[in-house]
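K.L.:
Chains as they are written, first to last, in our numbering: chain A, 8 to 64; chain B, 687 to 1491.
Glycine included, each C-beta is placed from N, C-alpha and C at the ideal position.
Note that the structure is predicted; figures quoted are calculated from it, not measured.
(1) Can you list, in chain order, the residues of its chain with a C-beta nearer than 6 Å to that of residue 983 of chain B? Leave out the 5 residues immediately preceding and following it.
(2) Counting along the chain, where does the beta strand (DSSP E) carrying residue 1374 of chain B start and finish?
(3) Who are the near neighbours of residue 954 of chain B in its chain, counting only those whose CB is closer than 7 Å to its CB and skipping five residues on each side?
(4) Please check if any C-beta of chain B sits within less than 8 Å of the C-beta of residue 43 of chain A.
(5) Taking Cβ positions only, does residue 788 of chain B come closer than 8 Å to chain A?
(6) In whole angstroms, what separates the C-alpha of residue 932 of chain B from that of residue 1119 of chain B?
(7) Between residue 848 of chain B and chain A, is the shortest Cβ-Cβ distance under 8 Å, so that the two count as touching?
(8) In this structure, what does DSSP give as the bridge partners for residue 19 of chain A?
(9) Since residue 1069 of chain B meets chain A, which of its residues come closer than 9 Å, beta carbon to beta carbon?
(10) Does the distance from the CB of residue 1361 of chain B to the CB of residue 1333 of chain B come in under 8 Å?
(11) Check the Cβ of residue 1097 of chain B against every Cβ in chain A and list those closer than 7 Å, keeping chain order.
(12) Is it the case that the Cβ atoms of residue 692 of chain B and residue 947 of chain B are separated by a distance below 8 Å?
(13) I'd like to know whether the C-beta of residue 780 of chain B is nearer than 8 Å to at least one C-beta of chain C.
(14) With residue 812 of chain B as the anchor, note down where its beta strand (DSSP E) starts and where it stops.
(15) Could you tell me the distance, in whole angstroms, from the CA atom of residue 864 of chain B to the CA atom of residue 780 of chain B?
(16) On a Cα-Cα basis, can you pick out the residue from B:916, B:1336, B:813 that is closest to residue 848 of chain B?
(17) Output, in sequence order along the chain, the residues in the segment 1123 to 1135 of chain B whose CB is closer than 8 Å to any CB in chain A.
(18) Let me know the secondary structure DSSP gives residue 1384 of chain B once reduced to three states.
(19) Once you ignore the five residues that flank residue 1065 of chain B on each side, which residues in its own chain have a CB closer than 7 Å to its CB?
(20) Specify the secondary structure class of residue 856 of chain B as computed by DSSP and reduced to three states.
(21) Please give me, in chain order, every unbroken run of the beta strand (DSSP E) with length at least 3 that falls completely inside the segment 927 to 959 of chain B.
(22) Could you say which of B:713, B:1136, B:1350, B:1409 lies nearest to residue 1022 of chain B if we only look at CA atoms?
(23) Could you tell me which chain A residues have their CB closer than 7 Å to the CB of residue 1057 of chain B, listed as they occur along the chain?
(24) Using only the alpha-carbon positions, how far apart do residue 1454 of chain B and residue 1346 of chain B sit?
(25) Can you round the beta-carbon distance between residue 1312 of chain B and residue 1256 of chain B to whole angstroms, since I take them to be within the 8 Å contact cut?
(26) By DSSP's criteria, residue 1187 of chain B is part of a beta bridge. Which residues make up the other side?
(27) If contact means a Cβ-Cβ distance below 9 Å, which residues of the segment 1143 to 1164 of chain B contact chain A?
(28) So residue 1357 of chain B and residue 1398 of chain B are supposed to be a Cβ contact under 8 Å. How far apart are they, rounded?
(29) Spatial neighbours of residue 765 of chain B within its chain, please: CB distance less than 6 Å, with the 5 preceding and 5 following residues excluded, ordered by chain position.
(30) The beta strand (DSSP E) that contains residue 883 of chain B, what's its start and end?
(31) On the three-state DSSP scale, how would you describe residue 628 of chain B?
(32) Suppose only complete runs of 4+ residues qualify. What are the alpha helix (DSSP H) ranges in the segment 1237 to 1312 of chain B, listed by chain order?
(33) Let me confirm a value: residue 1144 of chain B is counted as buried when at least 16 other C-beta atoms fall within 10 Å, else exposed. Which label applies?
(34) Please confirm if residue 1082 of chain B has its CB atom under 8 Å from at least one CB of chain A.
(35) What separation, rounded to the nearest whole angstrom, lies between the Cα atoms of residue 1053 of chain B and residue 1369 of chain B?
(36) Quick one, which of B:1310, B:1329, B:1337, B:1341 has its alpha-carbon nearest residue 1323 of chain B's?
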């Protein structure tokens, strides 16, 4: 697990800040970690569908 | 005959072998190879024809979608405008229609005039000009044989190109460390070049470059890099961009850096094939192949041992290079610069120390920042709220995720583009990366559309719909107001432009389903159409143009409509083919009447949120960008949904009561916020696969589901807490029920043992919000009913699913 640490008043993430990196220069080293994080390939990692709000309320 | 491993894509065509300047640093005339003395001065029409034919033959054999041809010399303009026109026409005649031809000329500029410019404009030839900097720097080497300066003539040439920006390719500057780097760089940037190339002077270990200090070249370039970086990386400098790109695992933009195989060949004025021009500096005859355009194919050139030697990547380097920490960026430097008598090319570059220092410096100066949330912002979000600033932080981190996904899509598609859509995807990538530099706001506006990320995620999962990248690029081009023409993907009989709308190609087939042509039976390559974009208007396949951002109506155009209330405007998204990613099916295109009903309901719902739930309004203003209509659920149930990849979107079937729409929106937006937090922070152990009881579900839930549901029910509880004052009775009962259930779920989370320390803090803040509400008075009847319903649900759930948990 890539748990995040706290530095001073910020909670830091391991997600690379690519906002100012020209799109043409965003390379594999930049996107691999992000893609692994938000598109987990491991079958054990289940991203659950949420919401499914219904009229029970 | 076997195919070469790497087809050739770059062709340097020597159209004239002499020069009108006598630069004393020129590798063609002043270095080891003296083959120019025996070449014809001017290339013949026959050699040009054979060259064009050979390239076309190679393009077809390897299904290349793009090649680059540089008209070179000597000084190519000495060939005269008429001959250059014939050369360009011959190349275009053979290559246009079978591949994209990037045609350029590299000149010293001395002879450039309007006549040349007209020829280049007519045949799509871009012009690069050699200029070594300010007058003092340029005149150090770039002089006529009688010693006269060339500087004024070169500046005049550049001014001609600045007046015709479509021809202006950039400036090439050969480094001389005796020059002032700042003066050189400022002189070059003052000419507004689209790109600058800094070239290290050709040298070898036997004839090393002038070196007043051990790393004089690195020091010189670092001074410029610091200015360039402070200026925001503009104009593009190929050397710096290549180091940055290769440091991130990307490609180099020049053969002098990186590990990519060389795909370049030179055709001399006599039709001889030669290897890289720079080899002229190594030894007499070094570039020769013994092959000739009249006799030999380019496949035979590609199999030449000298060409193959420059395609070996890491394996082709000496041991010292292979062990070097910056080898990914350096690649051993330019092949010619490695030469030493005795060991040939099995050496580091003669610029090894400079490259190591420069690359190390650039890597150290460009740390890899990561996203962060202020601790107070995380606390506010964890409490169930979060205003504009807090949600704004989440929205900013989403920008990085989208850029990463888009780059990943491009990388995963590879040269073929996936689905056989190579040229289409490549053109789209060129367009969108170009716009990212010139019109970043336009690109961001399209990428921020929630369903662009949904498409990118789906594309990375299954490789389908790669061609939609062209639609994304086209939408950005519209927003940028630029002129572009590209093939775009047709889905369901329409061209979908994310964030803008859909244009029917086949009026009979569009809009009948929410997600046409995305099923397994869809043709894998998909259907395409030619879209022309100019000044914010679009035209399809040469048809009438329309303005997709104006209010006018055009046949077949279905704009994304907007809902507005209280200064908030969100898209009513019923066109995007990737919106059908929710648990409930998306509605098809709404009629005007239904869209009006949405507007009325949204206005009332937003007024309720602002007046009764004001703590949620700033966050919604900062993050809610799209409402997606869902198909009505059976039995009139109210349904709504969010999708993890669709940050900013809330989907719902339009409920009868605007108050219910307000509830659906604040509930679903809780999922949007928490999903964005989870995108960047770890709140729980994803490896924990246990299932838990959720008081509002009949099925056991994994930890993320319980966390999401609990977080959303903070807002649900708050909604009824507020509403009970307006209408006690049902609202009070709902408040009593949801505060009890939410509080119970919070304790389940806290006791799960699956939370990270940060997740523990997050849940503590959630508890703090709900605990305060537990003390608020409600009637005994409501409290009793809440306790009873909780007990009944728990007992029923335990009986039904306890063996699973």
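P.N.:
Let's see:
(1) none
(2) First-last for residue 1374 of chain B: undefined, no H or E at that position.
(3) 700, 725, 960
(4) no
(5) no
(6) 17 Å
(7) no
(8) B:1058
(9) By Cβ distance, chain A contributes nothing, its closest Cβ being about 15 Å from residue 1069 of chain B, past 9 Å.
(10) yes
(11) 35
(12) yes
(13) Going by chain labels, chain C is absent from the structure shown, which instead holds the protein chains A and B.
(14) 811 to 816
(15) 45 Å
(16) B:813
(17) 1123, 1129
(18) coil
(19) 1451
(20) strand
(21) 950 to 953
(22) B:713
(23) 20, 22, 24
(24) 26 Å
(25) 6 Å
(26) B:1183, B:1245
(27) 1143, 1146, 1147
(28) 6 Å
(29) 701, 702, 728
(30) 882 to 885
(31) Here chain B covers residues 687 to 1491 and nothing more, so residue 628 of chain B does not appear.
(32) 1278 to 1298, 1303 to 1309
(33) buried
(34) yes
(35) 26 Å
(36) B:1341
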